[in-house]
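Protein chains: 2
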Amino acid sequence: MPRVRVHNCSVSLDGYGTGEGQSLEAPFGHAGTRLHEWFFPTRTFRGMQGEPGGSTGVDDAFASQWAPGVGTEIMGRNKFGPQRGPWIDEGWRGWWGDNPPFHSPVFVLSHHPRSPIEMAGGTTFHFLDATPDEALAVAREAANGLDVRIGGGPSTIRQFLAADLIDHLHVVVVPVLLGRGERLWDGFEELEARFDMESVTSPSGVTHLTCSRRPAPLHAVPDAPD
Amino acid sequence: MPRVRVHNCSVSLDGYGTGEGQSLEAPFGHAGTRLHEWFFPTRTFRGMQGEPGGSTGVDDAFASQWAPGVGTEIMGRNKFGPQRGPWIDEGWRGWWGDNPPFHSPVFVLSHHPRSPIEMAGGTTFHFLDATPDEALAVAREAANGLDVRIGGGPSTIRQFLAADLIDHLHVVVVPVLLGRGERLWDGFEELEARFDMESVTSPSGVTHLTCSRRPAPLHAVPDAPD
Chain R
0 MPRVRVHNCS
10 VSLDGYGTGE
20 GQSLEAPFGH
30 AGTRLHEWFF
40 PTRTFRGMQG
50 EPGGSTGVDD
60 AFASQWAPGV
70 GTEIMGRNKF
80 GPQRGPWIDE
90 GWRGWWGDNP
100 PFHSPVFVLS
110 HHPRSPIEMA
120 GGTTFHFLDA
130 TPDEALAVAR
140 EAANGLDVRI
150 GGGPSTIRQF
160 LAADLIDHLH
170 VVVVPVLLGR
180 GERLWDGFEE
190 LEARFDMESV
200 TSPSGVTHLT
210 CSRRPAPLHA
220 VPDAPD
Chain H
0 MPRVRVHNCS
10 VSLDGYGTGE
20 GQSLEAPFGH
30 AGTRLHEWFF
40 PTRTFRGMQG
50 EPGGSTGVDD
60 AFASQWAPGV
70 GTEIMGRNKF
80 GPQRGPWIDE
90 GWRGWWGDNP
100 PFHSPVFVLS
110 HHPRSPIEMA
120 GGTTFHFLDA
130 TPDEALAVAR
140 EAANGLDVRI
150 GGGPSTIRQF
160 LAADLIDHLH
170 VVVVPVLLGR
180 GERLWDGFEE
190 LEARFDMESV
200 TSPSGVTHLT
210 CSRRPAPLHA
220 VPDAPD
């Protein structure tokens, strides 16, 4: 059964997955690059940039899981770009240049329709006005038996968590305090009842947290007849 | 120079240091014992209860730091007991029985005056209507050259952090989500500028975080005269 996965979701110690004030110059608002400093040196991130080399330690062991086995991504509109409301500038094609690192269909959730954008390297951005359940059905179809990645940002992840659609959630707790922005965890009292949670710290100073959905309980075995 | 220390401050993944709805039956409100399950098996906790044995691994390595070198504790009134407002029931002598584990003077911050309570084993509860700075001056005097521990709860720790009076803060991040209660971290944007932060996970599943105040920068060395 294909899974629904979140990878490399960085949050501050105080739980913010992005800062305040996203703009073209500041995709993560006042957080700047602070949530992702652990990520930049990894072989995985460098590979996304088309650069060779990079670290292959603990951080990369987690970072590298984001692509294998994934057939498509769903992302929120705020991950795609800083515009809000109806699309005025249709020239915007995402933060990732001509050859984005996804190499798959990507479904961007937006209440405002827009034609798909085909990029180099196999990435096509589709725009979808849909609930998490509906979007996942579309993405599953497109993933062709592979897993679906929920790419963020925090509010998109929260919506899929709230709808109980996520099987695997990898969070990276970064030892900074942002004080403001968008929180990942709000509204998930007792999430631990649904997920097995494990943590490990990395020499870079971050803590990798995996939340793995518990298997459904086995059906009760009916009593044997007397 | 004596230090001001916080130990064993447990918070949920979503940052709550205590739950909602403290009462006589529920000192941590709806959190119940969830924030402290890591603590109960330790030799340190068992020792506080007058019981022998207990674990002596990673969790106890941190837990055991709470007492050595400490001359006195400052705690918030909500740590002392569930009453609010003027003292109506003066029979309340804390949650800790006749022989509390502090074995030192303890200063309870309260806007409502009350006579000191002398307990067995060297603990005396004093009640103090004071700012963090004033309380610390009193506690330092009583500590007689030893360190002062800020005992919590979260709002008391926040007040001392906000006044920049804490040298060492040990936080235990517990992999549960409480969803509501009292947050530890609110209002400390860029706390990492003041503290060196290190984390390590324990086999029990919690993450121990130490925040160690950075040494004051050395005075700039004046240029040598020509």
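Going down the list, the sequences are from chains R and H.
Just so it is clear: in the first sequence, position 67 is 66 by numbering that gives the first Met the number 0, and no numbers are missing.
Just so it is clear: in the second sequence, position 81 is 80 by numbering that gives the first Met the number 0, and no numbers are missing.
Every residue, glycine too, gets a C-beta built ideally from N, C-alpha and C.
**Q.** Residue(s) in a DSSP beta bridge with residue 73 of chain R
**A.** As a first step, residue 73 of chain R must be located in the first sequence, where it is residue number 74. Secondary-structure assignment with DSSP links residue 73 of chain R through a beta bridge to R:106, R:149.
Q: Mark residue 48 of chain H as exposed unless 16 or more other C-beta atoms lie within 10 angstroms of its C-beta, in which case mark it buried.
A: Numbered from its first residue, the second sequence carries residue 48 of chain H at position 49. By the 10 Å Cβ count, residue 48 of chain H comes out exposed.
Q) What residues in its chain sit with their C-beta under 6 Å from that of residue 168 of chain H, if we drop five residues either side in the sequence? A) Sequence index remark: in the second sequence, residue 168 of chain H carries index 169 (1-based). So the qualifying residues of the chain are 5, 210.
(Q) Which residues does DSSP list as the beta-bridge partners of residue 4 of chain H? (A) Residue mapping note: residue 4 of chain H aligns to position 5 of the second sequence, counting from 1. Per DSSP, H:148, H:167.
Q: Tell me whether residue 154 of chain H sits in a helix, a strand or coil according to DSSP, three-state version.
A: Start at 1 with the first residue of the second sequence, and residue 154 of chain H comes out as number 155. DSSP places residue 154 of chain H within a helical segment (H, G or I) once states are collapsed to three.
(Q) Does residue 207 of chain H pass the burial test, meaning 16 or more other C-beta atoms within 10 Å, or should it be called exposed? (A) Residue numbering aside, residue 207 of chain H sits at position 208 when the second sequence is read from its first letter. Result: buried.
Q. So, using beta-carbon positions, are residue 56 of chain R and residue 45 of chain R closer together than 7 Å?
A. To locate residue 56 of chain R, count along the first sequence from 1; it is residue 57. To locate residue 45 of chain R, count along the first sequence from 1; it is residue 46. Not closer than 7 Å, so no.
Q. Could you give the C-beta distance for residue 170 of chain R and residue 8 of chain R, rounded to a whole number, given that I count them as a contact under 8 Å?
A. Taking the first residue of the first sequence as 1, we reach residue 170 of chain R at position 171. Taking the first residue of the first sequence as 1, we reach residue 8 of chain R at position 9. Distance from residue 170 of chain R to residue 8 of chain R at the Cβ level is roughly 5 Å; contact confirmed, criterion being Cβ atoms closer than 8 Å.
(Q) Just verifying my parser: in three-state terms, what is the DSSP assignment at residue 34 of chain H? (A) Walking along the second sequence from the start, residue 34 of chain H turns up at place 35. Reduced to three states, the DSSP call for residue 34 of chain H is coil.
Q) residue 69 of chain H and residue 135 of chain H: beta carbons closer than 7 Å? A) Taking the second sequence and counting its residues from 1, the one referred to as residue 69 of chain H is at position 70. Taking the second sequence and counting its residues from 1, the one referred to as residue 135 of chain H is at position 136. For residue 69 of chain H and residue 135 of chain H, no; Cβs fall outside 7 Å.
Q: Flag residue 14 of chain H as yes if its beta-carbon sits less than 7 Å from any beta-carbon of chain R, otherwise no.
A: Taking the second sequence and counting its residues from 1, the one referred to as residue 14 of chain H is at position 15. Yes, residue 14 of chain H counts as interfacial toward chain R.
Q) Any beta-carbon of chain R closer than 7 Å to the one on residue 109 of chain H? A) Numbered from 1 along the second sequence, position 110 holds the residue referred to as residue 109 of chain H. Residue 109 of chain H does not count as touching chain R.
Q: Check the Cβ-Cβ distances between residue 159 of chain R and every residue of chain H, and say whether any is below 7 Å.
A: Here residue 159 of chain R corresponds to residue number 160 of the first sequence, with the count starting at 1. Taking 7 Å as the threshold, the shortest C-beta distance from residue 159 of chain R to chain H does not fall below it.
**Q.** Which listed residue (H:58, H:28, H:162) has its alpha carbon closest to that of residue 202 of chain H
**A.** To locate residue 202 of chain H, count along the second sequence from 1; it is residue 203. When each option's Cα is compared against that of residue 202 of chain H, the closest is H:58.
Q | Range of the contiguous beta strand (DSSP E) that encloses residue 194 of chain R | A | Along the first sequence, read from residue 1 onward, the residue named residue 194 of chain R stands at position 195. Taken as a continuous stretch (DSSP letters only), the beta strand (DSSP E) holding residue 194 of chain R covers 194-200.
Q: Identify, in the order they occur along the chain, each residue of the same chain with its Cβ nearer than 6 Å to the Cβ of residue 141 of chain R, setting aside the five sequence neighbours on each side.
A: Residue mapping note: residue 141 of chain R aligns to position 142 of the first sequence, counting from 1. Excluding the 5 residues flanking it on each side, residue 141 of chain R has same chain C-beta neighbours closer than 6 Å at 71, 104, in chain order.
Q) Would a C-beta distance cut-off of 7 Å place residue 88 of chain R and residue 110 of chain R closer than the cut-off? A) On the first sequence, position 89 is the one that residue 88 of chain R refers to. On the first sequence, position 111 is the one that residue 110 of chain R refers to. Cβ atoms of residue 88 of chain R and residue 110 of chain R: not closer than 7 Å.
Q: Could you pull out every residue in the same chain whose Cβ sits closer than 6 Å to the Cβ of residue 73 of chain H, ignoring the five residues on either side in sequence?
A: Residue numbering aside, residue 73 of chain H sits at position 74 when the second sequence is read from its first letter. Closer than 6 Å at the Cβ level, and outside the excluded window around residue 73 of chain H, lie 106, 134, 138, 149.
Q.
If the criterion is Cβ atoms closer than 7 Å, does the pair residue 62 of chain H and residue 32 of chain H meet it?
A. If you number the second sequence from 1, residue 62 of chain H lands on position 63. If you number the second sequence from 1, residue 32 of chain H lands on position 33. The answer is no: Cβ separation not under 7 Å.
Q) Since residue 92 of chain H meets chain R, which of its residues come closer than 9 Å, beta carbon to beta carbon? A) Taking the second sequence and counting its residues from 1, the one referred to as residue 92 of chain H is at position 93. Near residue 92 of chain H there are no residues of chain R at all, since even the closest Cβ is about 33 Å away, more than 9 Å.
Q: Thinking residue 162 of chain R and residue 132 of chain R are a contact (beta carbons under 8 Å), I'd like their distance in whole angstroms, please.
A: For the purposes of this step, residue 162 of chain R is taken as residue 163 along the first sequence, with counting starting at 1. For the purposes of this step, residue 132 of chain R is taken as residue 133 along the first sequence, with counting starting at 1. Taking 8 Å as the upper bound for CB-CB distance, residue 162 of chain R and residue 132 of chain R are in contact here, some 6 Å apart.
Q: Starting from residue 187 of chain R, find everything on chain H with Cβ-Cβ shorter than 8 Å and list it in chain order.
A: As a working note, residue 187 of chain R is residue 188 in the first sequence. Neighbourhood of residue 187 of chain R in chain H, by CB distance below 8 Å: 13, 176, 178, in chain order.
Q | Reduced DSSP category for residue 123 of chain H - H, G, I as helix; E, B as strand; rest coil | A | Numbered from its first residue, the second sequence carries residue 123 of chain H at position 124. In the structure shown, residue 123 of chain H sits in a strand (DSSP, three-state: E or B).
Q: Select from R:200, R:166, R:198 the residue whose C-alpha is nearest the C-alpha of residue 212 of chain R.
A: Position 213 of the first sequence, counted from the first residue, corresponds to residue 212 of chain R. By alpha-carbon distance to residue 212 of chain R, the top candidate from R:200, R:166, R:198 is R:166.
Q: From the DSSP output, in three-state form, read off residue 54 of chain H for me.
A: Here residue 54 of chain H is taken as the residue at index 55 of the second sequence, counted from 1. The DSSP-derived three-state label of residue 54 of chain H is strand.
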